[in-house]
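First comes the structure, then the notes that go with it.
Number of protein chains: 2
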Amino acid sequence: MGVRTALTDLFGVEHPIVLAPMGGVAGGELAAAVSDAGGLGLLGAGGGDVDWLGREIDILKARTEKPWGIGLLAWAVEAAVLEWVIAQRPSVIVLSFGDPAPFASTVRDAGIPLAIQVTTLDDARQALDLGADVVVAQGSEAGGHGEGRGTLPFVPAVVDIAGATPVLAAGGIANGRGLAAALVLGAAGAMIGTRFEATPEALLSADERAAIVAAGAADTTRDRILDLAQDSPWPHRFTARTLRNRFTDTWHEREDALRFDTTAKEEFAAGVDRGDMDYLPIWAGEAVDLIADAEPASALVARIADEAVQALHRVTSGTPPA
Amino acid sequence: MGVRTALTDLFGVEHPIVLAPMGGVAGGELAAAVSDAGGLGLLGAGGGDVDWLGREIDILKARTEKPWGIGLLAWAVEAAVLEWVIAQRPSVIVLSFGDPAPFASTVRDAGIPLAIQVTTLDDARQALDLGADVVVAQGSEAGGHGEGRGTLPFVPAVVDIAGATPVLAAGGIANGRGLAAALVLGAAGAMIGTRFEATPEALLSADERAAIVAAGAADTTRDRILDLAQDSPWPHRFTARTLRNRFTDTWHEREDALRFDTTAKEEFAAGVDRGDMDYLPIWAGEAVDLIADAEPASALVARIADEAVQALHRVTSGTPPA
Numbered sequence: 175m176g177v178r179t180a181l182t183d184l185f186g187v188e189h190p191i192v193l194a195p196m197g198g199v200a201g202g203e204l205a206a207a208v209s210d211a212g213g214l215g216l217l218g219a220g221g222g223d224v225d226w227l228g229r230e231i232d233i234l235k236a237r238t239e240k241p242w243g244i245g246l247l248a249w250a251v252e253a254a255v256l257e258w259v260i261a262q263r264p265s266v267i268v269l270s271f272g273d274p275a276p277f278a279s280t281v282r283d284a285g286i287p288l289a290i291q292v293t294t295l296d297d298a299r300q301a302l303d304l305g306a307d308v309v310v311a312q313g314s315e316a317g318g319h320g321e322g323r324g325t326l327p328f329v330p331a332v333v334d335i336a337g338a339t340p341v342l343a344a345g346g347i348a349n350g351r352g353l354a355a356a357l358v359l360g361a362a363g364a365m366i367g368t369r370f371e372a373t374p375e376a377l378l379s380a381d382e383r384a385a386i387v388a389a390g391a392a393d394t395t396r397d398r399i400l401d402l403a404q405d406s407p408w409p410h411r412f413t414a415r416t417l418r419n420r421f422t423d424t425w426h427e428r429e430d431a432l433r434f435d436t437t438a439k440e441e442f443a444a445g446v447d448r449g450d451m452d453y454l455p456i457w458a459g460e461a462v463d464l465i466a467d468a469e470p471a472s473a474l475v476a477r478i479a480d481e482a483v484q485a486l487h488r489v490t491s492g493t494p495p496a
Numbered sequence: 175m176g177v178r179t180a181l182t183d184l185f186g187v188e189h190p191i192v193l194a195p196m197g198g199v200a201g202g203e204l205a206a207a208v209s210d211a212g213g214l215g216l217l218g219a220g221g222g223d224v225d226w227l228g229r230e231i232d233i234l235k236a237r238t239e240k241p242w243g244i245g246l247l248a249w250a251v252e253a254a255v256l257e258w259v260i261a262q263r264p265s266v267i268v269l270s271f272g273d274p275a276p277f278a279s280t281v282r283d284a285g286i287p288l289a290i291q292v293t294t295l296d297d298a299r300q301a302l303d304l305g306a307d308v309v310v311a312q313g314s315e316a317g318g319h320g321e322g323r324g325t326l327p328f329v330p331a332v333v334d335i336a337g338a339t340p341v342l343a344a345g346g347i348a349n350g351r352g353l354a355a356a357l358v359l360g361a362a363g364a365m366i367g368t369r370f371e372a373t374p375e376a377l378l379s380a381d382e383r384a385a386i387v388a389a390g391a392a393d394t395t396r397d398r399i400l401d402l403a404q405d406s407p408w409p410h411r412f413t414a415r416t417l418r419n420r421f422t423d424t425w426h427e428r429e430d431a432l433r434f435d436t437t438a439k440e441e442f443a444a445g446v447d448r449g450d451m452d453y454l455p456i457w458a459g460e461a462v463d464l465i466a467d468a469e470p471a472s473a474l475v476a477r478i479a480d481e482a483v484q485a486l487h488r489v490t491s492g493t494p495p496a
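Chains as they are written, first to last, in the working numbering: chain A, 175 to 496; chain B, 175 to 496.
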C-alpha cells in the first residue's frame, strides 16, 4: 500500500518517510522503530560522538535488520570520525549545515549513498555539483537549526534544478497530509523530525515530550538565543527553532545584548543543569500544531503513509475536503 | 478536467484558484482575466479607494460575466466604504490584516460571502467564530504584508479547526504543484499573488514585472523597512515581503535606526518619486523562484489547474518524480 518513489527504490524501503537525524534525540531505539516500520531511520550523531554512536548503533542493530543511516553536522565533523562512521556501513550518510565539500568524495568513494541537507538554493546547487545522491530541502518551519526559506516554495525550486536526483522535503511535516504535499511538490519523500521527537522511542525526558505535545507553533521561536547563551560554535548563518521559554522570551530581539552578558550565560547554564524548563533548550518545529499525542514511532510510520494515500485519494476523487 | 472542491462549489467556478487581492496591482483587467479563465478574480482595493475601485470594476465588468470579488484591509476600511463595496454586489468580500469583527455582520447581513485572511491560529479561530464563509491561511512566504507562519504546516492546522468551512492556502504557491499541495493539505483551493503579479494584466510597470521574473527567493526580504520609510500606518505586527533593493539592504536589521531618520525617509521618498529601482517597493513572495516568464493570466489559470492534476496523477500512479 506504500507510495513508491525514487527514494523507496534507492534504499529498498517501503515508505518515503525518513527520520530526521536529530542530534542526541534520534538514537538507536527511535531509528530502529522507524526503519523496522518501513521508513528510513537515521541516527542523530551531531558532530560525531563516537562513544554515543557506538552504543546507539548496537541498540539499533539489536532491533532491526532494515536499512538505516547516520546524520552528521558538516561544520563539526572530523575526517577520522567520518572514517569511523563509514566503517559502520550505514545505508546513507546525511551531511547537514556547513560545507560538505571536504567530505563528499570520501563518502562516495566508500560506496555509501550521500544525502546533503540544504537550506538555500545556492547550497542545493553545490550539493548537486558534489554528486549528492539525495538532496534534503529544509524549510524554516523545521525544529532545531535551519534558515529562512519556507518549505512549500523551496522544495519545488530545488526539485526544478535536481534533475533525476531525489529530493526530500523537510520542515513542517508531521502527518500524511504533509507527506502527500511533499510528494506532489515533486519530492521523493519527507524527512520528519519533531513528530518523531514526540514519541516514546526518542531520547527525551517525559517533561520535554509533554512540552512538545502541549505546544502550538506560536510557542516556537527561531533565533540564536540558545546558541549565544552557551557560546555555541554553530555557524552564525543558522538560527534554531525551539520552544519558547522564560529565557528566550527575556532575550527575544535582544541577541546583541546577550552575546556579551556573562551573568545571563551563567544563569542559563545553572538553569539547564538543574533541568529547569524555563531554560532547557527543546528543539521543535512549527509542526507542533499538528501533534496531539506521544504515539509510538513504530505505529506512526504506517499511519503517516496511510494518511498520505488517503489525502491524495480524497483530492483525486474530487470530493471536497471535509 | 477541473478539481472540484468546496470552493468551486461555493462560488460556481471551474478551478480552485483565487487571485490574491494585491492592493493597487490586482485591477480590473487582471481580476477579469482570472475569473474569465475559470478562477476567482479579486480586486485589490487596499483600504478602499472608491475612485480606483469604480474604475477597475467598470473594466472588469466589460471583460467578464463570471464571479469576482473585492479584497479590503480590515485595519484601514471605513464603514461607508464597505457599504459602497457591498452595493457593487461582488461574489465575495475578503477582509485581511486587522480585526474583521466590526465588519463581519455587515457583510454577512448583505448576503455576500465573507472570506477572512488570517496569519495566526488565534486569528483563524476568531474568523470562524465570526462566521467566515472562507478562511484564507496565509504563510510567511507570501509577497507583501504577512506574518511568520510557514504555509505548509499552517494550512493543515487551520483546516483541523475549520470543520466544514473551506480554507484557502496562501503564500508560496505559483504553479500546479503548489496548488496540488494545498489541496492534499486539506485546503479547498489556493490564493495566488506573486505569480499573477508577474503577468501583463497586472497594474505594474514593465521594469517591476521584469524584476519579479528575474528575482529568486533569496532576493526577497520580510521586514518593516518600506513601511517605516514612508511612516506607513500599517499595524506593527505585520511585516512585508518585498524584493530587496539598495535601500532595504542599507537598513537591513537596522529598523530602529530608520524609524527616526528623517533624512533617510526624504531620500526614500525622492527615490520612489523618480521611479528609482533602488527604492521602489516591489511586493513579491518566495514563489519568485518558480516564475520564469510573464505569461498572461488568462493562460496561467488553466495551466496551473492542469499541472495540479498532473502532479496528483504522477504521485498516485506511483511513478517516481522526474
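Just so it is clear, CB atoms sit at the ideal spot from N, CA and C, and this is done for glycine as well.
In the DSSP annotation of this structure, the continuous segment of the beta strand (DSSP E) that includes residue 217 (chain A) starts and ends at 215 to 218. Taking C-beta atoms under 8 Å as the contact rule, residue 206 (chain B) and residue 233 (chain B) qualify, at a distance of about 7 Å. Within chain B, no residue has its beta carbon less than 7 Å from that of residue 409 (chain A); the closest one is some 17 Å off. For residue 358 (chain B), the neighbours in chain A by C-beta distance under 7 Å run, in chain order, 351, 354, 355, 358, 485, 486, 489. Between residue 341 (chain B) and residue 387 (chain B), the gap from beta carbon to beta carbon reaches 9 Å or more.
Within chain B, no residue has its beta carbon less than 8 Å from that of residue 480 (chain A); the closest one is some 14 Å off.
In terms of Cα proximity to residue 434 (chain A), the closest of A:456, A:403, A:408 is A:403.
Here residue 274 (chain B) is not near residue 295 (chain B), since their CB atoms are 9 Å or more apart. Chain-order list of chain B residues neighbouring residue 295 (chain A): 390, 391, 392, 463, by C-beta distance under 8 Å. As the crow flies, the alpha-carbon of residue 224 (chain A) is around 37 Å from that of residue 334 (chain A). In this structure, residue 247 (chain A) sits near residue 222 (chain A), with a CB-CB distance shorter than 9 Å.
Close to residue 346 (chain B), with beta-carbon spacing below 7 Å, are these residues of chain A in chain order: 324, 326, 327. With contact defined as three or more Cβ pairs closer than 8 Å, the stretch 318 to 336 of chain A and the stretch 320 to 328 of chain B are in contact. Chain B has no Cβ within less than 9 Å of the Cβ of residue 186 (chain A). Annotation note: the stretch 336 to 379 of chain A contains the following uninterrupted beta strand (DSSP E) runs of length 3 or greater, listed N- to C-terminal: 341 to 344, 363 to 366. In the three-state DSSP reduction, residue 385 (chain A) falls in the helix class (H, G or I). Residues of the stretch 442 to 469 of chain A with a C-beta less than 7 Å from any C-beta of chain B: 460, 461, 463, 464, listed in chain order. Under the three-state reduction of DSSP, residue 233 (chain A) is assigned to helix. Spanning the alpha carbons of residue 447 (chain A) and residue 216 (chain A) requires a straight line of approximately 28 Å.
Residue range 436 to 447 is occupied by the alpha helix (DSSP H) that includes residue 445 (chain A). Residue 177 (chain A) belongs to the set of residues whose beta carbon lies under 9 Å from a beta carbon in chain B. The beta carbons of residue 373 (chain A) and residue 317 (chain A) sit no closer together than 9 Å.
Listed along chain A, the residues sitting closer than 7 Å to residue 315 (chain B) by beta-carbon distance are 324, 326, 327. In the same chain as residue 185 (chain A), and ignoring 5 residues on each side of it, the C-beta atoms closer than 8 Å to its own belong to 214, 241, 265, 266, 287, in chain order. In the three-state reduction of the DSSP assignment, residue 395 (chain B) falls in the strand class. In the displayed model, residue 300 (chain B) falls within a helix according to three-state DSSP. Just so you know, the alpha carbons of residue 471 (chain A) and residue 487 (chain B) end up roughly 29 Å apart.
Counting only Cβ-Cβ distances below 9 Å, residue 195 (chain B) has no contacts in chain A at all, with the closest Cβ about 20 Å away.
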